[in-house]
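Visitor: Numbering-wise, the numbering used here comes out as the position in the sequence shown, counting from 1, plus 48. This is the structure, below, for whatever I ask next.
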Amino acid sequence: MPTSNDMQNVLDIQDKNMIFEDNCVSYGIHKQKKCKFIDCTLTYIPTECKKCQEPNKDFSIYKNG
């Protein structure tokens, strides 16, 4: 899984619960500006938001970097 390790090193991410797949970088527009979007997968399903304790209903909780 070299892509995942490379992305973690480049972005200096210490969270080992994130897996980056091949072709995880995409380009798009956000607030009228060109952006790069980097997608990854968590190795677990969060039960609630760590910040506000909102329960994870129908996969409504996700982690933004």
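Note that the Cβ used here is the ideal one computed from N, Cα and C, for glycine as well.
So the candidates are Asp-60, Asn-104, Thr-51, Pro-103; which of them puts its Cα closest to the Cα of Pro-70?
Guide: The residue you call residue 70 lines up with position 22 of the sequence shown. Note that residue 70 corresponds to Asp in the displayed sequence, not to Pro. Comparing Cα-Cα distances from Asp-70 to each of Asp-60, Asn-104, Thr-51, Pro-103, the minimum goes to Thr-51.
Visitor: With a threshold of 6 angstroms on Cβ separation, who are the neighbours of Met-49 within its own chain once the five nearest residues in sequence on each side are excluded?
Guide: Mapped onto the sequence shown, residue 49 falls at position 1. Below a pLDDT of 50, predicted positions are generally treated as unreliable, and Met-49, at 45, falls in that range; the measurement from the model is reported next regardless. So no residue of the chain qualifies.
Visitor: Roughly how far, in whole angstroms, is the beta-carbon of Ile-61 from the beta-carbon of Val-73, given that I think they are within contact range, below 8 angstroms?
Guide: As a first step, residue 61 is located in the sequence shown; it is residue number 13 there, counting from the start. As a first step, residue 73 is located in the sequence shown; it is residue number 25 there, counting from the start. No, Ile-61 and Val-73 are not in contact; Cβ-Cβ is about 14 angstroms, not under 8 angstroms.
Visitor: Please state whether DSSP places Ser-74 in a helix, a strand or coil.
Guide: The residue given as residue 74 occupies position 26 in the sequence shown. Ser-74: strand per DSSP, three-state reduction.
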